[in-house]
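Asker:
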Amino acid sequence: MFLKGIPIIKVVIRHDLGFEEVKQYYLEYLSLNGKENLVKFFKDNDSLLPFINRVAEKIKSCELSGSDVSDFIGDLDDIKVMKDAKNKLQHEINMLTIKRNDLIESNKSE
């Protein structure tokens with residue numbers, strides 16, 4: 007069934023098996039087909055498997071193109087850059103707030 011591209015969830019339902027069992031069969035199938043790096047990735051990041059399957063299904067059904075996925079990955083990179091910039095700006099705000107409070111305190115004591 008995997009050879010035909012049938013999604014894991016459909017295999018689970020069709021054969022009334024547990025998801026973990028079918029996932030293990032799928033990883034073995036990939037390994038047998040020379041995709042050891044992919045198997046290692048899935049084993050190390052198994053919580054991502056449902057998400058990756060959803061993306062793959064969207065690509066197969068032409069709801070997403072390769073360029074859409076590339077754009078999405080680029081957007082994820084941009085989000086990380088923006089989060090880093092936000093954290094740096096927040097640190098600067100915190101430092102300026104401390105300086106302002108110190109100045110206010112020093113003016114009160116004069």
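Position 43 (the sequence shown) corresponds to 49 in the working numbering; numbering is contiguous.
We put the CB at the ideal spot given by N, CA and C, even for glycine.
1) Which residue marks the beginning of the alpha helix (DSSP H) containing L36, and which one marks its end?
2) Are the beta-carbon atoms belonging to L36 and L23 less than 8 Å from one another?
3) Look up K41 in the DSSP assignment and say whether it is helix, strand or coil.
4) Let me know the secondary structure DSSP gives D81 once reduced to three states.
5) How would you call K29, buried or exposed, if buried means at least 16 neighbouring beta carbons within 10 angstroms?
6) Look at P13 and E69 and say whether their C-beta atoms are less than 8 Å apart.
Answerer: Taking the structure as given:
1) Residue mapping note: residue 36 aligns to position 30 of the sequence shown, counting from 1. F25 to L38 is the span of the alpha helix (DSSP H), which, as asked, contains L36.
2) Position 30 of the sequence shown, counting from 1, holds the residue named residue 36. Position 17 of the sequence shown, counting from 1, holds the residue named residue 23. No. Outside cutoff.
3) As a first step, residue 41 must be located in the sequence shown, where it is residue number 35. Three-state DSSP puts K41 in coil, outside helix and strand.
4) Within the sequence shown, numbered from 1, the residue matching residue 81 stands at position 75. In this structure, D81 counts as helix in the three-state DSSP scheme.
5) For the purposes of this step, residue 29 is identified with residue 23 of the sequence shown, where counting begins at 1. Residue burial is scored here from C-beta neighbours: K29 has at least 16 other C-beta atoms within 10 angstroms and is therefore classed as buried.
6) One-based indexing of the sequence shown puts residue 13 at position 7. One-based indexing of the sequence shown puts residue 69 at position 63. No. Outside cutoff.
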